[in-house]
Each structure stands twice: as C-alpha cells, then as structure tokens.
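Mapped onto our numbering, the consecutive letters of the sequence shown carry residue numbers 4 to 439. Every residue gets a Cβ at the ideal spot worked out from N, C-alpha and C, and that includes glycine. Since the structure is predicted, the reported quantities are computational estimates derived from the model, not experimental observations. To keep things clear, I will list the structure first and then write my remarks on it.
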Amino acid sequence: MEPITAADEVIGICRDLLRIDTSNTGDPRTTAGERVAAEYVAAQLAEVGIESVLHESAPKRANLVARIPGSDPSRGALLVHGHLDVVPADASEWSVHPFSGEEKDGYLWGRGAIDMKDFDAMMIATVREWQRTGVVPPRDIVLAFTADEEAGMEYGSQFLVHEHAGLFEGVTEAIGEVGGFSYTVSKDLRLYLVETAEKGIDWLRLHAKGRPGHGSFVHDDNAVTALAEAVAAVGRHKFPMVLTPTVRAFLEQVSDALGIELDPDEPELAIAKLGPIANIIGATVRNTANPTRLEAGYKDNVIPGTASATIDCRTLPGQAEAFLEQFRELIGPDIEIEHVSQQGAVETSFDGALVDAMGAALRAEDPGARAVPYMLSGGTDAKAFSTLGIRCFGFAPLKLPADLPFSSLFHGIDERVPVEGLQFGVRVLDRLLRSS
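Structure below.
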C-alpha cells in the first residue's frame, strides 16, 4: 500500500475547512467564530502526535499555535501562519453553496478557498506527512492558525502578539498570505509573486458639524453638505505616484519578462498590461483613500447637527505622514478626523536564504517559475507579527490557470481554488520547509 502523502490529504482537509462557517462580520454578535475550525485543526495535528494549544481571545474566537522542533534549535525559527476566518458570503449570489466545499470542474469551491483555507490545509497536510514519515525540519517551525484577520486582527494575531508573545520566541522569519501565486507570461515562463511589502491601513472617520434645523428652511450651515463635499473631494482625488523599492523591483522584473519598456514616470502603462493582477499592482504605486460608509440624520425633514463618513485609507511604506497632510488639505480645516484603526505598512528586501529557497522550491515543481517581489495593497497578519521583529513574506504557493481571474476571487463570488494548484502548492511548501 502506497503511503499517504500531503498532496493526497490536502484536498480533503481543505474541503473540511471550507464546510466550517467561520464568517467574520466584524461584529462579535454576528460573527460565526473560529473555535470550531481551530478545534478541527487541533484534532488533525493531535492525530499524528503534534501538540497544540488553543488561545481563546473571546467566546468562540480561538487561535491555535504549535511548535515543531527542528534539527538545529540554535537557528532562528520560521513562523508559518494562516487565518481561519472568512468574509461573509451571500449564498443567493453563488453558483454553489459558499460553505459546501464542492469539487467540480477541477476546483474546490467555497468561501475561503483562496483566502485562506487553502494554505491552512497545506500547512496541516505537510506536517501530518512529516510526522508519519519521520521528517525533522532543519529549524523550528511554529504553526499559527489565527482568528479575526478579516476584521482588524484584534482577536487574532494582535491578541497573540500582545498577550502571548512568548509563543514566538526565537522566530526570525515568517510566511503566510498573499503570495507565491503564479502569473502566466508564456508557455515556458510564469512569474510567482512573493509578497515582501504591504500597504498600511488607516481607517478614518470624518465628522462634520452644523446647525440643526427644519428641512424646509433656507440653511447655509448644513453638516451633511459639508461632509458630502469633503467625501467627494477625497473620493475623486488621485494621490501622487511614489515607487517604493518593492514596486520598482517588481515592475523591472515584469517589464523584462514581458519585453516591454518601463517608463518610471508612467508605470501604469506597464501595469495595464498585467491582466488579472493589474488591479492588485495598480493600487501599490500611490496612496489611496476610498469612502465606504456615510451616516447622518434621524428624520427626513430634520437637518442634522452632525454627519459622519468612513474612509478606507491605504498608505505606502514611509508615506503615512505625507498622506495625512495631503488628506487634511483635501477635506479642509473644519472636518474632524478620527482614527478608527491604524496599522503600519510592512516592507522587507527580496534577498536571503529563505528567498533563495522559495525560488528553488518553485522551480523544482515548475521549471518555468521565476520568483519576483511585489507589494500587497491590502493587509495581513504580517502587520502584527512584524512588530515582534519578524521578517514577513507572503508565500502561499499556487500554480494557477492562465485565465483564472485570481484577484477578483478574494472576497468575491464563486471563490475557488484549482485542485491541481492546491496539490502543487503543498509540494512546494514541503520542499521549502525541508530546505530553509
């Protein structure tokens, strides 16, 4: 009988995880909670003799951490992390039920298929195979399965970093989402994007004040009007272009691969030719600010005294202060700014033994692979773990069909992961962790 491999198990594990509803609404009253999924992971690890500990940050909100000893404990440990929560999904919008874990057309379908229960499954399947076959990694591997990544990380990685930092003692590097996925250039060349940077997050709430009154009167001090003007100014503004080291390196690599000339003053001309990943990369050449919520009034014929709006701001590394100055100029002096949530940008260089091992692991499974650095426009648990001095990378490897609209599947309808890509990913992860 052939031994069970990680590639054999990863599909079933991913399917099991997709069938556990861990929807994170951002409201503790309506969030499904991650504890059931964390208990499933704990059972999978315990079955092969790996001890883990659940750390509950709130009722039904659990994080799981396990450490697998390496052959050289003097080396810095590697953190491999994935979150268990997912954004909500409306079943009426999907062609399959979002929590069915259905397999069809060569894909596993379900909320979390790429964000990021696929990588959670790769982590579990890899270490289960190690335990069955006696593999000892070259250095300690710390596994972390977190809650609440989709709503600010307060009950997940931030909780672990603030309350249980000792779990990560000796950890020097980390891998997690979003990176290691392929972008097909030609039959013989695929770029695999490794995240070495991600933009900062600053959720701002704007407050305008005015004189309340009757809706039938002439009124020149209207809080709603003042707020609307500020929000419109922000929403229509295009912030100046700034090429960070990561983005410049990515564009140079892509221009070389595609055989196009890169104009550093007009990088968006090159970005426009990137097809399904253009929207990810396009958001990394400048700061952005997108209005997302409005709130004002309590009755149709009453002019309210206050009005509020939320702006989702994403800032490039080193640009937070300059961005706020520009933002203040846009909205004017009379609008109050409240910082709802702030998380700094993250950036590291694309070099070192771990980076070399990523490239080697990819090429071993795909001779046409070329690893390139890129910046993520969103945020991940790396924001929390980097505060411990850990060098963080996004590397959850997937070989994707050239025509798959990968970036639109994140938080999108009919989220799915290719089965062959999932099996490819677990083989790459196994090679990387055995050699790094």
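Alpha-carbon to alpha-carbon, residue j and residue i
i: Ile71; j: Thr249; result: 32 Å
i: Phe398; j: Gln47; result: 23 Å
i: Ala310; j: Ile340; result: 12 Å
i: Asp359; j: Arg373; result: 11 Å
i: Val139; j: Asp93; result: 43 Å
i: Leu327; j: Ala312; result: 16 Å
i: Ala363; j: Ser439; result: 10 Å
i: Asp118; j: Arg208; result: 27 Å
i: Ser380; j: Ile283; result: 6 Å
i: Thr351; j: Arg142; result: 21 Å
i: Leu436; j: Gly335; result: 52 Å
i: Leu21; j: Gly113; result: 6 Å
i: Asp108; j: Asp224; result: 59 Å
i: Ala385; j: Ala168; result: 14 Å
i: Phe148; j: His84; result: 6 Å
i: Asp191; j: Gly371; result: 5 Å
i: Glu332; j: Gly73; result: 53 Å
i: Glu166; j: Glu37; result: 18 Å
i: Leu425; j: Ala10; result: 8 Å
i: Glu96; j: Thr175; result: 42 Å
i: Gly104; j: Val422; result: 12 Å
i: Ala260; j: Phe242; result: 29 Å
i: Thr34; j: Ala325; result: 36 Å
Whole-angstrom C-beta distance between residue j and residue i, which should lie under 8 Å
i: Phe171; j: Ile393; result: 7 Å
i: Thr383; j: Gly179; result: 6 Å
i: Asp433; j: Thr129; result: 5 Å
i: Ala405; j: Thr187; result: 4 Å
i: Asn304; j: Gly218; result: 4 Å
i: Gly183; j: Pro400; result: 4 Å
i: Ala236; j: Gly308; result: Incorrect: roughly 22 Å between the Cβ atoms, too far for contact.
i: Val245; j: Arg289; result: 6 Å
i: Gly173; j: Gly79; result: 6 Å
i: Leu194; j: Val375; result: 5 Å
i: Met125; j: Gly428; result: 5 Å
i: Phe413; j: Glu198; result: Not a contact, Cβ separation roughly 13 Å.
Unbroken alpha helix (DSSP H) run spanning residue i, endpoints
i: Met125; result: 120–136
i: Leu230; result: 226–239
i: Gly15; result: 9–21
Contact check, residue i vs residue j, beta carbons under 7 Å
i: Ala116; j: Leu87; result: no
i: Gln346; j: Ile204; result: yes
i: Glu201; j: Val349; result: yes
i: Ala211; j: Ile338; result: yes
i: Val431; j: Leu365; result: yes
i: Leu57; j: Ala49; result: no
i: Ala154; j: Asn27; result: yes
i: Gly52; j: Gln134; result: yes
i: Ala273; j: Ser258; result: yes
i: Phe353; j: Ala177; result: no
i: Ile280; j: Ser410; result: yes
i: Val89; j: Thr25; result: yes
i: Ser185; j: Lys402; result: yes
Under the three-state DSSP convention, the category residue i falls into
i: Gly424; result: helix
i: Glu50; result: coil
i: Ile314; result: strand
i: Ile340; result: strand
i: Met361; result: helix
i: Asp205; result: strand
i: Gly213; result: coil
i: Phe396; result: strand
i: His165; result: helix
i: Ile263; result: coil
i: Ile306; result: strand
i: Glu298; result: strand
i: Tyr158; result: coil
i: Ser410; result: helix
i: Val139; result: coil
i: Phe388; result: helix
i: Arg114; result: coil
i: Arg434; result: helix
i: Val44; result: helix
Start-to-end residues for the beta strand (DSSP E) that takes in residue i
i: Val245; result: No beta strand (DSSP E) holds Val245; DSSP gives it neither H nor E.
i: Asn441; result: Outside the displayed span of the chain (4 to 439) sits residue 441, for which this structure offers no information.
i: Gly179; result: 174–179
i: Glu96; result: Neither: Glu96 is in no beta strand (DSSP E) and is coded neither H nor E.
i: Glu59; result: 56–61
i: Ile71; result: 64–71
i: Leu333; result: Where Leu333 is concerned, there is no enclosing beta strand (DSSP E), although the alpha helix (DSSP H) it sits in stretches over 323–334.
i: Ala147; result: 144–149
i: Thr376; result: Correcting the residue identity first, residue 376 is Pro in this sequence and not Thr. Taken as a continuous stretch (DSSP letters only), the beta strand (DSSP E) holding Pro376 covers 372–379.
i: Ala273; result: Per DSSP, Ala273 belongs to no beta strand (DSSP E); it is in the alpha helix (DSSP H), 270–274.
i: Val188; result: 184–189
i: Val83; result: 80–86
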